[in-house]
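Undergrad: To convert, note that position 415 of the sequence shown is 415 in the UniProt record's numbering; the numbers rise steadily by one, no gaps.
Note that the Cβ used here is the ideal one computed from N, Cα and C, for glycine as well.
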Amino acid sequence: MARETKGNPMNPRKKVATRAAMSSKNKEQSGEQCQPKAPCSKFQQLPQALVLEILSSVSIKTLLNCRCVCKDWLSIISDPQFTKLHSSRSPVGILIKTYPPIRKSRKLDFTHIEDCAGSDLLLEKIRFNPQNSLPIGAMPEFRLINSCNGLLCLSGPNRDYPCFVCNPILGEHISIPPTNLSRNKCFFVGLGFSNGTNEYKLLQMTNGTEAEIYTIGTGVWRSVGNAPGDIDQLPFNPFLHGALHWVSYSSTVPDFIHSFHFEREQFRPLPVPSLLGNRFSDCYILEVVGGCLCLSVFDDDYSKFDMWVMKEYGVQESWTKVLVFGNLYECPEERICHVYEPIMFLRNGEILLLFNNCAVVCYNQETKSFREIRITWTRSPFEAIAYSPSFVSLYNVSKGEEVKRVRRGKKLGKKSGKLLLEGSYDECAGFGMPPRKSTKLNSGYGCPAFEEGLP
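1. Closest to residue 180 by CA distance: which of 214, 121, 403, 325 is it?
2. Does the stretch 286–298 touch the stretch 335–354, meaning 3 or more C-beta pairs lie closer than 8 angstroms?
3. With a threshold of 8 angstroms on Cβ separation, who are the neighbours of residue 358 within its own chain once the five nearest residues in sequence on each side are excluded?
4. Could you give the first and the last residue of the continuous beta strand (DSSP E) run that contains residue 395?
5. Leaving aside the five residues before and after residue 364 along the sequence, list all residues of the same chain whose C-beta is less than 7 angstroms from its C-beta, in chain order.
6. Going by DSSP in three states, residue 433 sits in which element: helix, strand or coil?
7. What separation, rounded to the nearest whole angstrom, lies between the Cα atoms of residue 376 and residue 155?
8. Which one or two residues does DSSP pair with residue 114 in a beta bridge?
9. Which first and last residues belong to the alpha helix (DSSP H) in which residue 86 is found?
10. To the nearest angstrom, report how far apart residue 163 and residue 42 are at their CA atoms.
11. In angstroms, rounded to a whole number, what distance separates the CA positions of residue 299 and residue 305?
12. Is the beta carbon of residue 360 sitting closer than 9 angstroms to the one on residue 54?
13. Of all the options 128, 221, 263, which has the alpha carbon lying nearest to the alpha carbon of residue 107?
14. Please classify residue 49 as buried or exposed, where buried requires at least 16 other C-beta atoms within 10 Å of its C-beta.
15. Let me check one thing: in DSSP terms, what residues is residue 165 bridge-paired to?
16. What number of angstroms, rounded off, separates the C-alpha of residue 60 from the C-alpha of residue 389?
17. Got a sec, what are the start and stop residues for the alpha helix (DSSP H) residue 48 sits in?
18. Please name the residue, chosen from 323, 146, 239, that lies closest to residue 195 on a Cα-to-Cα basis.
19. Look at the alpha carbon of residue 392 and the alpha carbon of residue 83, and state the distance between them as a whole number of angstroms.
20. Quick one, which of 236, 198, 125 has its alpha-carbon nearest residue 399's?
21. What are the boundary residues of the beta strand (DSSP E) that residue 226 is part of?
22. Considering residue 364, what are the terminal residues of the beta strand (DSSP E) in which it resides?
23. I need the DSSP call for residue 62, collapsed to helix, strand or coil.
24. For residue 142, which of 153, 149, 148, 325 has the nearest alpha-carbon?
25. Could you please give the first and the last residue of the uninterrupted beta strand (DSSP E) stretch that includes residue 214?
26. Got a sec: does the ligand SAM put a non-hydrogen atom nearer than 8 angstroms to the Cβ of residue 285?
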């Protein structure tokens, strides 16, 4: 006789399941409907303005998780109105890219830095890689060109590879067609935004001073005349007030800072600090720091550099020398010197700088001392640049251009135990790197290696 497999009738889990089934059955018999859980229902009862205010104030990592709570939250965070509000408040963090041939050169690490009490800093990290965010596919490596409104402009290691505009937060990207200019002459390309026409454009210039512009959605490059001066490299963070900015490395040009305005599609020079006079150095570093143009001027022998800030855009008299770093030589006999590149200002007035492409350091203007910030643990040289992520969707700005999305899904890595992102994850696209605990870093210790470079 077959034995019945009813299980243990005293099993408490079975009793709970039985009660739930009976309760559901009684509700059906009484005509009541079983209401599904609505995790967002109470939140939806709040005024829309308050909802936008709350969500626009939380961190990027929290917003990435909120996108996956329910379709209503995803719709709110994807709305252009929210995107615009969030972009105006998006905190500036640091984007790290290691130099090749290290395998990690195919990844980007973003770190949001928040001031805490004393000298503590709260670090929150997100990783972007080809499996979840970056459109680099089988490219052995990629170049990080520049950023505009949270969108990144990327290219391959040489001119045989395409150029991309992408939003790593959302995993969306657009492939830019090749220019009409000779690829042998191609010098640099940069991404910008025209506020008046609500269009994203790319400027490409050659060492023959030819310049063309590509408006996303048109599919064609157009000539915009000749570019002024000789250009060595476009800064990563050069976009300000609707224009790209760069330094011309030609000693015959008195105003060596140039700009290109994307709405007017015109080139124009910007005045340099008057105290520089006719002095010309072969090493300038131009960046946008704290919403202002920042110019670092090295002495001819690289023994020191001055840091200037243009506090009122376009006004020569507003250039202010904010810092002087001296004694940069590590070994004066061998003429090996330290190089500092400004990244961003913290709210407490301290300045984060990239030191010799191997460390991020924090400079206290009152105590005139440095301390190292352990943002990355790589032993390889790396780039560290200011970056503000955003939820600007390329679907809203493509104007008919084909937009592709990096497919992703969730998978637990066996060896490391970390959450990897692969496969398909459409609704929560841009989920980013695995959630990690924020690191509260007491970075208030001194660094003897850096103290030698004090002014």
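TA: Taking the definition as stated:
1. Here the closest residue by C-alpha is 214.
2. Yes, the stretch 335–354 touches the stretch 286–298.
3. 381, 382.
4. Residue 395 -> not in any beta strand (DSSP E); alpha helix (DSSP H) instead, spanning 394–397.
5. Closer than 7 angstroms at Cβ, skipping near neighbours: 350.
6. For residue 433, the predicted model reports a pLDDT of 31, less than 50, meaning its position is unreliable; a value from the coordinates is still stated below. Assigned with DSSP and collapsed to three states, residue 433 falls in coil, not helix or strand.
7. Separation of residue 376 and residue 155 (C-alpha to C-alpha, rounded to the nearest whole angstrom) is 24 angstroms.
8. According to DSSP, which records beta bridges pairwise, residue 114 is partnered with 122.
9. Bounds of the alpha helix (DSSP H) holding residue 86 are 80–89.
10. Whole-angstrom Cα-Cα distance: 45 angstroms.
11. Their backbone Cα atoms lie some 6 angstroms apart in a straight line.
12. Contact: no.
13. Nearest option by C-alpha distance: 128.
14. Exposed.
15. The partner list for residue 165 (beta bridge, DSSP) reads 153, 174.
16. Computed Cα separation, rounded: 8 angstroms.
17. Note, residue 48: alpha helix (DSSP H), 48–55.
18. It is 239.
19. Annotation: residue 392 to residue 83 spans about 6 angstroms, alpha carbon to alpha carbon.
20. The alpha carbon of residue 399 has as its nearest neighbour, out of 236, 198, 125, the alpha carbon of 198.
21. In the DSSP assignment, residue 226 falls within the beta strand (DSSP E) that extends over 221–226.
22. Where residue 364 is concerned, the enclosing beta strand (DSSP E) stretches over 359–364.
23. If DSSP states are grouped into helix, strand and coil, residue 62 belongs with the helices.
24. Measuring from the Cα of residue 142, the nearest candidate turns out to be 153.
25. It spans 210–215 - the beta strand (DSSP E) in which residue 214 sits, taken as one unbroken run.
26. This structure simply doesn't include the ligand SAM, nor any ligand for that matter.
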